[in-house]
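This report refers to the structure that appears directly beneath it.
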Amino acid sequence: MKSLILQTIARLLLPLMILFSVFLMLRGHNEPGGGFIGGLVGAGAFSLYAVAFGPASARGVLRADPRTLLGLGLLVTVLSGFFAMVLGDAFLTGQWLIFHIGEADFHLGTALLFDIGVYLVVVGATLTVIFSLEEEST
Amino acid sequence: MDWLLVLPLAIPLFFGVVSILARNNLLLQRWFGVLGMVVLLVVSIAILIGVRTQGILVDQMGNWIAPFGITLVADHLTAFMVLITAIMGLAVAIYSLANIDAERESFGYYPLLHILLMGVNGVFLTGDLFNMYVWFEVMLITSFVLLALGNRKEQMDGAIKYVTINLVSSLVFLSGVGILYGMTGTLNMADMAVRLDAVDSPGLVTTASMFFLVSFGIKAAVFPLFFWLPASYHTPPVAVSAIFAALLSKVGVYALIRVFTLLFVQETGYTHQIILWVAAVTMLTGVLGAVMQTEFRKLLSFHIISQIGYMIMGLGLYSPLGIVGSVFYVIHNIIAKTNLFLVSGVANRIAGSFHLKHLGGLYRKHPFLSIMFIIPAFGLAGFPPLSGFWAKLTLTIAGLDAREYVVVGIALFVGLLTLFSMTKIFAEAFWKPLPSDRPKPAAEVEGIPGVAGIRTMMVPIVLLAVMTVVLGLGAGLFINVSLDAAEELLDRTRYINAVLGDP
Amino acid sequence: MEPLLAIMAGFLFASGLYLMLRRNYVRVVIGLILISNAANLVIFTMGRLARGNPPLVATGETMPAEGFANPLPQALILTAIVIGFGLLAFALVLAYRAYRELGTVDVDAMRVAEPPYPGEKTVSGTPDQEEA
Amino acid sequence: MGVLISLLIGCVVAFAAPLLNRAAGSRAGVILALLPLGLTAYFATFVPRIAAEGALRQSIAWVPALNVNLSFYVDGLSVLFALIISGVGFFIVLYGSGYLKGHRDLGRFYLAVTLFMVSMLGVVLADNIITLFVFWELTSFTSYLLIGFNHEQERARKAALQALLVTGTGGLALLGGLILMAFVGGSYEISELLNQGEVLREHGLYTAILILVLAGCFTKSAQFPFHFWLPAAMEAPTPVSAYLHSATMVKAGVYLMARLHPALGGTDLWILLLAGFGAATMVIGSWLALCHSDLKRILAYTTVMGLGTLTMLLGIGQTEYAVVAVAVFTLAHSLYKGALFMVAGSIDHEAGTRDVGEVGGLRKAMPITAAAALVAALSMAGIVPFFGFIAKEFVYEAALAAGSLPRLLLALAILANVAGVAAAGIVALKPFYGPVRTTPKHPHEAPIAMWAGPVVLALLGLLFGLAPGLIAAPLINPVAGAIAGAPVSVELVLWHGFTPVLGMSLMTLALGIGVFFLWNTWRESRFARGFNRAFGVAPENAYFRTIDGMLWIAHWQTRIFQSGYLRHYLTTVIGVTAFAVGFTLLSRHGLVLPGGWSAITFYEWTLAGIMAAGALVAVFARSRVTMVVAIGAVGFSVALIYLANSAPDLSITQIMVETLTVVLFALVLIHLPSLRPVESRASRLRDAAVATALGAAVTLVMLTVLTEPISPHLTEYFGAHSYVTAHGRNIVNVILVDFRALDTLGEIVVLGIAGLGVFALVKLRAKKRRDGGADV
């Protein structure tokens with residue numbers, strides 16, 4: 002599997018796909034996309050890298066253990082929910098900061114935090130699965 | 010704010026996540042295991058107090074008014090179930106300290122235990138049918154992993170059967186949710202209850218109810234859908250068997266009670282009569298399965314099935330006393346059955362086997378353990394004045410009152426067979442002298458905490474035995490409270506008004 | 769197209785269930801995938817369909833266009849797909865692990881947790897050979 | 002409250018007994034005996050009060066929702082039994098301390114026997130039927146522990162189980178009967194039900210109630226054909242046999258029948274059942290006694306006879322003679338039988354055997370025991386001036402006065418008593434007189450703890466015989482009145498003069514002595530053996546066959562249902578689902594199909610066709626690659642359906658997941674074998690039928706639901722609030738992260754756990770542990 006072409010492509014694609022996945026996640030509140038889809042794309046980037054260079058190098062690039070990402074994602078999601086409770090609202094009530102920049106309104110809210118959590122969990126869980134299965138094969 | 014209702018979900022999730030992140034620190038995981046359960050217990054007590062003092066508690070997630078967001082609801086039944094879940098969680102967490110090997114711990118035993126409870130509590134608390142599906146899945150996937158954790162041969166075999174059948178059940182559930190949504194355009198159960206009454210053809214609602222009868226019936230392990238349970242419950246470590254026995258099938262029973270008192274009451278002469286007869290056959294077939302078993306935990310597993318029959322018998326009777334009987338039976342059974350599983354673990358630790366023919370001599374050498382077995386075992390068989398007697402008595406009175414003589418007859422007869430099989434364990438494992446040709450005791454096998462662990466394992470056993478006795482002697486109080494639960498369940502308007510706001 | 773989808777959902781159900789009744793556990797997992805899709809189609813159809821009007825609020829508007837597609841089933845299915853994927857991944861790897869431990873993917877030969885009754889005839893044959 | 006407190010004290014003492022035994026050693030027995038002694042004194046104080054004021058009632062609520070009260074009803078009947086229970090209990094505790102001296106389980110004996118005493122007192126004192134039942138079952142439970150006292154012997158374990166199951170079966174019937182009685186009579190308190198006799202007897206459920214209640218009483222009181230458990234229960238240590246299986250527990254059934262006589266008694270059915278079964282039990286028991294040479298078995302069978310007599314008397318309980326006979330016979334029997342059992346135990350204890358054929362001439366070694374045995378046996382044989390004589394006279398009088406078939410009953414009573422006389426002789430004379438025999442142990446007189454009981458009980462039998470007036474007015478008449486349901490006053494005298502009954506007594510005695518001398522011949526005879534087989538062994542065998550049959554059914558049905566094959570399980574589950582949904586739809590609603598078929602476009606038909614083809618290919622695929630490709634085709638056509646129906650998010654997700662699924666398959670399938678094996682044709686057809694049934698059911702339900710419009714209220718709300726309130730333009734995403742964020746939270750938890758699960762499945766290496774037993 003370790004072909005030079007694949008390795009070159011993977012090295013190039015990795016940052017692009019990660020950027021794209023973050024973009025998908027961020028725009029998800031208004032356009033098709035969202036944390037889940039973004040997360041799958043992000044996981045795909047590392048999976049590709051793992052195919053090209055082996056799971057060990059992919060783990061190296063990822064730095065964190067995917068299970069840590071998974072845990073962090075869950076933590077972020079719960080905290081986004083508790084954010085509202087601190088402010089006296091029900092669990093998971095959206096809290097919003099609205100900026101007016103020129104013509105456009107800019108909404109920044111806990112929903113985004115929530116989606117980031119989803120993103121992290123999806124990346125973490127998918128990579129946990131893929132890495133361990135690939136390590137089993139090699 | 011009733012943010013209280015979120016905590017039974019958030020606390021286990023929090024402790025679970027911390028345990029995932031701290032996966033290399035086993036000591037911390039162990040103590041967080043116990044600590045998390047204690048916190049959960051405190052919260053559940055607070056919820057019960059809240060329900061007792063303020064009536065049905067409601068919390069609209071994200072502040073979206075019902076039926077548009079997801080609503081968490083706690084009535085008496087929910088409060089009971091959440092409380093008993095926390096108690097079982099604590100009991101098993103303590104037991105796990107001496108029962109779970111370091112290998113399983115390092116592969117996520119404690120996070121799984123926490124999140125299992127999260128899923129279970131989610132099912133109890135949610136007022137939204139699709140959300141209930143999600144929590145069922147949370148519960149299922151954690152139970153899958155717990156069951157398989159360890160990767161031993163029996164576990165793999167059991168897990169294949171358990172996973173497959175339960176996935177079918179989930180998909181039937183999901184389809185049922187879809188169909189109900191297609192009929193009512195809503196997912197909030199209170200809203201749905203109102204709209205189902207307005208459906209022109211009650212027969213169609215009854216048809217939809219069959220999806221739930223089957224799907225929850227599989228989870229509850231009723232006849233003829235129970236196969237996954239005896240196929241798998243004896244394969245994981247005892248702590249896992251015990252928490253499964255405590256909670257999983259009872260979640261199915263809870264769901265049956267919930268939907269067949271809240272949603273599907275249009276044609277009770279059909280639906281509830283089916284439930285009643287399913288109950289009768291379930292208790293009979295389960296106990297017959299039990300009497301022929303020679304393995305401690307398999308015998309107990311078949312008993313779970315049998316007792317599920319009692320639990321839904323009260324639902325089938327669909328009278329206040331019947332529901333009281335069901336609720337009481339669920340609570341009593343969770344306590345007693347879990348305890349018996351825990352005792353089986355101690356017996357195995359001492360004698361090195363779960364097979365009755367290899368066990369023996371426990372009565373002579375461990376009289377205290379014997380008492381701790383007798384209490385839940387005879388409680389389960391419905392011996393007065395232990396808790397099981399009152400549960401059975403309530404059902405008997407309710408059944409005779411409804412003139413369901415045959416079903417009552419079966420219920421009483423099954424009690425006798427239960428006694429028969431419990432005395433079988435007692436005679437074989439406790440009374441009989443220890444046979445000489447038996448495998449080496451587990452305590453001598455490497456990698457497992459030795460006999461020293463028994464003291465820790467006895468802590469939850471004693472706790473639960475005391476509960477069985479207290480629940481028996483103090484049945485008056487508990488039945489009065491259960492009556493409140495039954496009235497709430499039978500008078501749907503209270504639930505509906507609490508969720509949707511007074512009309 | 770709702771009636772057609774109702775038929776398709778039933779068809780996928782039937783095919784998936786048939787596969788679940790096969791002896792090879794890989795087929796069972798494939799069956800699960802089909803039924804998952806079928807259940808999603810049930811929800812999708814039950815929410816009623818709308819062509820060419822996705823549930824989006826256009827820029828500058830505060831409400832979606834009249835006759836927009838029902839967003840709730842879509843959200844439910846999204847959730848169900850993810851859950852289904854998680855369960856599938858687990859079931860698939862379970863099949864792998866079970867094969868490693870038990871030496872077979874033939875469910876009829878999986879009788880470790882429930883050993884044969886005395887005098888019962890079990891499935892004959894050797895464990896499957898791993899393909900070269 | 003007094004009664005309840007006394008019982009509670011009893012409980013506390015019971016649970017303290019093992020500790021006391023450890024602390025006080027050999028004195029523990031004497032200390033513990035103070036409890037029954039105190040209780041005897043306490044209950045004795047009720048005797049004058051009842052005679053003066055009538056019955057007393059005490060009550061506090063226990064489980065009010067179920068009408069269960071801790072209520073106690075103290076009248077003549079209950080006080081007589083309470084006195085027997087606590088009085089005999091005193092001697093039993095003493096006796097046990099001697100009999101089991103130094104036994105390592107003595108503490109457990111004290112615990113169980115004291116707990117039994119409390120339970121038994123509860124039975125006879127309870128007013129509430131549920132409370133009564135609670136105590137009733139507790140006596141069964143303690144009896145189980147006591148019969149299984151020598152638990153390392155299989156016989157003891159089996160006998161314990163047998164007694165528990167037989168009495169337990171009856172107990173369940175009893176519970177049903179009592180509850181029905183409460184329904185009909187409108188109360189759970191016996192004292193109130195006693196006034197509802199007419200209502201009860203004329204109600205349609207009367208027969209059911211009576212049969213159920215009697216099932217409980219007959220099994221507990223060892224009536225034929227349930228009598229077999231009693232001789233088997235002789236596996237218990239002798240103090241237990243003396244106490245539970247002659248003086249007290251077995252009389253619980255008699256007590257309850259007597260107690261309920263005013264409420265349920267007097268009907269033809271009552272007379273038929275009680276007199277019939279009672280008389281049969283009486284005769285069978287008495288003659289079975291003579292078929293054995295084990296002292297305890299002989300006594301056990303004569304106990305069966307006594308219980309039969311009492312049941313028969315209650316059956317014909319419409320006369321004063323009968324009710325008085327019940328009272329007198331109960332007391333007399335408890336006194337002499339308790340004494341004789343203890344004597345038998347002493348013989349066993351001292352000589353090491355209790356087979357009549359192996360002992361003889363013990364009189365010299367054990368003079369006190371011998372004397373007690375003699376006195377008790379004379380009472381049992383019904384000889385003047387012992388209390389047993391009065392009892393027997395009353396039995397004969399009652400039989401003569403019976404409304405139906407008096408001659409038959411009298412004849413049967415005489416027949417039974419002849420054997421009784423012989424048995425008394427065998428038990429009390431054979432071991433002590435005649436030539437001295439060598440026994441396994443060298444016999445000595447039993448210690449005082451062990452002879453005190455027999456002596457006192459036997460002497461009481463003499464005292465009450467000589468001075469029956471002592472107890473007639475204060476005790477016997479209230480008892481008889483309670484059974485009759487109306488005041489009774491009969492003068493109790495030893496000497497009636499030369500009545501026909503006296504003649505019969507003499508005849509009984511003469512015949513009995515004759516049988517005594519012919520005993521060995523009888524026992525060896527083919528008739529006796531056949532008799533024992535038919536009435537002693539056969540019922541017990543029937544019990545074993547029932548158990549075996551039950552186990553056979555259990556095995557058969559479990560093997561069918563829990564076959565061990567996943568495919569059987571799934572077939573059943575799918576079939577049941579299909580049937581439940583399909584049948585309900587067709588039977589409760591019927592088929593209504595929606596329109597709108599013409600609106601389906603060509604593209605949609607094409608998509609459906611691709612999807613169907615993909616599914617079919619997956620079904621019939623022979624290679625794994627084909628199968629995965631086919632499943633991909635299905636997934637992508639589903640994605641296209643989503644896209645065509647305004648669900649872009651769904652479509653993208655489906656495609657992503659589908660891709661990932663293929664990757665997973667690729668990673669896993671390389672490790673797995675090919676798609677063999679293939680099933681038989683029949684099994685494939687069956688599976689196809691079941692699967693199609695459920696698929697069709699789902700389709701039909703969906704089509705039916707589609708005939709009605711869906712309520713749009715949720716959809717409209719989401720449309721209106723998605724941007725305005727929740728600041729999102731993608732409504733689906735807003736639902737996911739806001740409106741229904743809790744779903745998403747659960748969803749990612751599932752995904753996360755699945756990830757951890759896969760990790761554990763792959764990475765955790767199952768260590769080679771020993772086969773068979775599961776770990777930890």
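Protein chains in written order, with my numbering: chain A, 2 to 139; chain B, 10 to 512; chain C, 769 to 900; chain D, 2 to 777. For each residue, glycine too, the CB sits at the ideal point set by N, CA and C. Bear in mind that the values here come from a model prediction, so they are computed numbers and not experimental data.
Within the region 274-354 of chain D, the runs of alpha helix (DSSP H) at least 4 residues long that lie entirely inside it are, in chain order, 296-316 and 321-352. Annotated three-state conformation of D/GLY389 is helix, per DSSP. Contact holds between the region 388-405 of chain D and the region 319-339 of chain D, because three or more Cβ pairs, one in each stretch, are under 8 angstroms apart. Within the region 547-568 of chain D, contact with chain C at the beta-carbon level (separation under 9 angstroms) is assigned to HIS556, THR559, ARG560, GLN563, SER564, GLY565, TYR566, LEU567 and ARG568.
As the crow flies, the alpha-carbon of B/ASN160 is around 25 angstroms from that of B/ILE463.
In terms of CA proximity to D/PHE225, D/GLU541 leads the group D/THR439, D/VAL738, D/GLU541 and D/LYS764. Contacts between B/ALA168 and chain C, judged by CB atoms closer than 8 angstroms, involve LEU862 and ALA866 in chain order.
D/THR716 and B/PHE269 have their C-alpha atoms spaced approximately 27 angstroms apart. Note that the C-beta distance between B/PHE139 and B/TYR190 is below 9 angstroms. The continuous alpha helix (DSSP H) containing D/ILE10 extends over residues 3-25.
Secondary structure note for B/ALA83: its beta strand (DSSP E) is the uninterrupted segment 80-83. Among the residues of chain D, those whose CB is under 9 angstroms from the CB of B/ASN140 are ARG741, LEU743, ASP744 and GLY747, following chain order. Those residues of the region 746-765 of chain D placed with their C-beta closer than 7 angstroms to a C-beta in chain C are GLU748, VAL751, LEU752, ALA755, GLY758, VAL759, LEU762 and VAL763, ordered along the chain. Membership of B/PHE311 in the alpha helix (DSSP H) is indicated by the continuous run 305-326. Within the DSSP secondary-structure output, B/VAL43 pairs in no beta bridge. In terms of Cβ geometry, D/ALA420 and D/MET343 do not form a close pair [threshold 9 angstroms]. B/PRO469 has its alpha-carbon roughly 17 angstroms from the corresponding atom of B/PRO376.
Within the same chain, ILE85, VAL89 and ALA248 come within 7 angstroms of D/SER335 by CB-CB distance, once the 5 residues on both sides are set aside. With contacts defined as CB atoms closer than 9 angstroms, C/LEU856 and C/ILE801 qualify as a contacting pair. Counting of Cβ neighbours within 10 angstroms places B/SER445 among the exposed residues, the total staying below 16.
Taking the Cα of B/GLY397 as reference, the smallest distance to any Cα among B/PRO233, B/PHE435 and B/VAL333 is reached at B/VAL333. B/GLY25 has a beta carbon lying within less than 9 angstroms of a beta carbon in chain A. At a cut-off of 9 angstroms between beta-carbon atoms, B/ARG113 makes contact with chain D. Residue burial annotation: D/HIS445 is exposed, with fewer than 16 other C-beta atoms found within 10 angstroms of its C-beta. Exposure of D/HIS497 is indicated by the presence of fewer than 16 other C-beta atoms within 10 angstroms of its C-beta. Excluding residues up to 5 positions away in sequence, ALA289, MET292 and LEU293 lie with their Cβ nearer than 7 angstroms to the Cβ of B/ILE419 in the same chain. For D/GLY177, a Cβ of chain B is located within less than 9 angstroms of the residue's own Cβ. The residue among D/ALA487, D/TRP452, D/VAL494 and D/LEU695 with its C-alpha nearest the C-alpha of D/LEU464 is D/VAL494. Within chain D, no C-beta atom comes nearer than 8 angstroms to that of C/LEU800; the closest sits roughly 10 angstroms away. Close partners of C/GLY820 in chain B (Cβ separation under 8 angstroms) are lacking, with about 22 angstroms as the shortest Cβ gap. Beta-bridge analysis with DSSP links B/GLN69 to B/THR80. D/LEU665 counts as buried, since at least 16 other C-beta atoms from the protein chains shown sit within 10 angstroms of its C-beta. When D/PRO595, D/ASN151 and D/LEU503 are compared, the shortest CA-CA separation from C/MET769 is found for D/PRO595.
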